[in-house]
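Visitor: If you're matching positions, the sequence shown starts at 1 in full-length UniProt numbering and goes up one per residue.
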Amino acid sequence: MTVDSRTASETPSGARRANLLVLAAVAVTLLLWASAFVAIRHLGRDVPPGALSLGRLLVASVALGVLVFRRPRTWPARRDWPLLLLCGVGWFGVYNLALNEAERRIDAGTSALIVQIGPIIVALLAAVFLGERMNRWLLIGMAVGFAGVVVIARGFSSGDSGDMVGVWLAVLAAITYAVGVLAQKPLLGRLPGPEVTWLACIIGAVVCLPWSGELVTVVRDSDASTLWWIAYLGVFPTAIAFSTWAYVLARTDAGKLTLTTFLVPFIATLIAWALLSEVPPPLTFAGGALCIAGVLLTRRRSRLSPAPED
């Protein structure tokens, strides 16, 4: 993964250090986002989608607010607010609501398959609106990685994938995810990542306020374990993971970065296997290998054409 020139010093050791920081941030993001699927699966039986979304975002807003107000702040200009609203309403608000409800209606494999349309949408639209290059290896890696997600979904599919409402909610989640990433990318060129993430999180929480009554009931009636899981979702997969995501997105192409999320379903399966004793089907490992291969292929560079001779 290449690093933006603003983060790498002129020395080779500085460039290596910057690359390592970016790779570490990617790893943290993918691991924590994958763990979120396990936490949501664990909470889905007891916590309604709206209450879960609002609780997660409120906890994340507090955690991110502590980070933002500990140092000098840079606030958005008037021209930044349309993109902030697009990111906050779409990715932080509607995405959470749609995905949480979708996973109540369709099986996990089908849900993962549909949501992973999002990175493909990002890669294609980033080439159109952000001027990012689409080379042969990016397209090949995209196809191989998505094939891996299809194989994982096939392994988990029980034949009856659920109702069409759930399918369309998962499609809505994929679209709002893509729109959120594309809105966030230009903002990170002008504003620090913590401010962008915190404001988007607050906007998403406002979108979820109609479910505040549900959340009050959950807090009043749930045991400590359920509340700790909601707090975990707010602090780690939201506050921390979205911050590390913003750090990386400010320093690399949106299209290439989002394609690394093809690894999330495979990582989530391994976490569920370790923590919830959910033994994955054999196809999961074949699909995971394809996802890894696809992400690696997107990192390859096309050979430069030789310069014409005089």
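Where a beta carbon is used, it is the ideal one built from N, C-alpha and C, also for glycine.
Because the structure is a prediction, the values reported are computed rather than measured.
1. Rounded to whole angstroms, what is the Cα-Cα separation between S13 and G50?
2. Suppose the cutoff is 6 Å on Cβ atoms and the five residues either side in sequence are ignored; what does the same chain contact list for A239 look like?
3. Figure out for me which residue from D221, L172, G234 has the closest Cα to the Cα of I202.
4. Hey, out of A250, L227, W137, S277, whose CA is closest to G294's CA?
5. Exposed or buried, A224, counting other C-beta atoms within 10 Å across all chains shown (16 or more means buried)?
6. Just reading off the alpha helix (DSSP H) that S13 is part of, what are its end residues?
7. Residues in the same chain with beta-carbon distance under 8 Å from L296, minus the five sequence neighbours each way, listed in chain order, please.
8. Would you report the Cα separation of residue 311 and D80, rounded to the nearest angstrom?
9. Would a C-beta distance cut-off of 9 Å place I271 and V38 closer than the cut-off?
10. Report the CB separation of W245 from T29 in whole angstroms; it is logged as a contact under 8 Å.
11. Rounded to whole angstroms, what's the CA-CA distance from residue 314 to L43? Just pull it up for me.
12. Nearest by alpha-carbon distance to V165: which of G55, A147, I114, V248 is it?
13. Whose C-beta lies closer than 6 Å to the C-beta of K256 among residues of the same chain, with five residues either side of it excluded?
14. DSSP on D253, reduced to helix/strand/coil?
15. Report all residues from its chain with a CB closer than 7 Å to the CB of S111; omit the five preceding and five following residues, and keep chain order.
16. Pick out whichever of L99, F92, V149 has its Cα sitting closest to the Cα of I120.
17. Would N135 be called buried (16 or more neighbouring beta carbons within 10 Å of its own) or exposed?
18. Quick check: the Cα distance between L290 and A147, rounded to an integer number of angstroms?
19. Counting C-beta neighbours from all protein chains within 10 Å, is the total for S277 16 or more, i.e. buried, or is it exposed?
20. When burial is assigned at 16 or more other CB atoms within 10 Å of the CB, is N217 buried or exposed?
21. At 4 residues or longer, what runs of the alpha helix (DSSP H) sit wholly inside the segment 52–121?
22. What does the Cβ neighbour count give for G88, buried or exposed, with the cut at 16 atoms within 10 Å?
23. Label F242 either buried or exposed according to how many other C-beta atoms from any shown protein chain fall within 10 Å of its C-beta, with 16 as the threshold for buried.
24. Take the Cβ of L275 as the centre, count every other Cβ of all protein chains shown within 10 Å, and call the residue buried at 16 or more, exposed below.
25. In whole angstroms, what is the alpha-carbon distance linking V94 and A205?
26. Use the C-beta contact count for E309: other C-beta atoms within 10 angstroms, 16 or more gives buried, fewer gives exposed.
27. Spatial neighbours of R133 within its chain, please: C-beta separation below 6 Å, excluding the five flanking residues on both sides.
28. Where does the unbroken alpha helix (DSSP H) through A239 begin, and where does it stop?
Guide: Checking against the coordinates, here is how it stands:
1. Cα-Cα distance, rounded: 47 Å.
2. A60, A63, L64
3. G234
4. W137
5. exposed
6. First-last of the alpha helix (DSSP H) with S13: 12–43.
7. G141
8. The shown model of the chain, from 1 to 310, leaves out residue 311, and the question about it has no answer.
9. yes
10. 5 Å
11. Not covered by the structure: residue 314. The range shown for the chain is 1 to 310.
12. I114
13. T298
14. coil
15. Once the five neighbours on either side are set aside, the close Cβ partners of S111 are A102, E103, A170.
16. V149
17. exposed
18. 7 Å
19. exposed
20. Residue identity check: residue 217 is Thr in the sequence provided, not Asn. It is exposed - the Cβ of T217 has fewer than 16 other Cβ atoms within 10 Å.
21. For the segment 52–121, whole alpha helix (DSSP H) runs of length 4 or above, ordered along the chain, are 81–87, 95–105, 108–115.
22. When all chains shown are included, G88 counts as buried.
23. By the Cβ-count criterion, F242 is buried, with 16 or more other Cβ atoms from all chains shown falling within 10 Å of its own Cβ.
24. exposed
25. 10 Å
26. Low per-residue confidence applies at E309: pLDDT is 44, beneath 50, and the placement is therefore not dependable enough to give any value.
27. none
28. It is not in any alpha helix (DSSP H) - A239 carries neither H nor E in the DSSP assignment.
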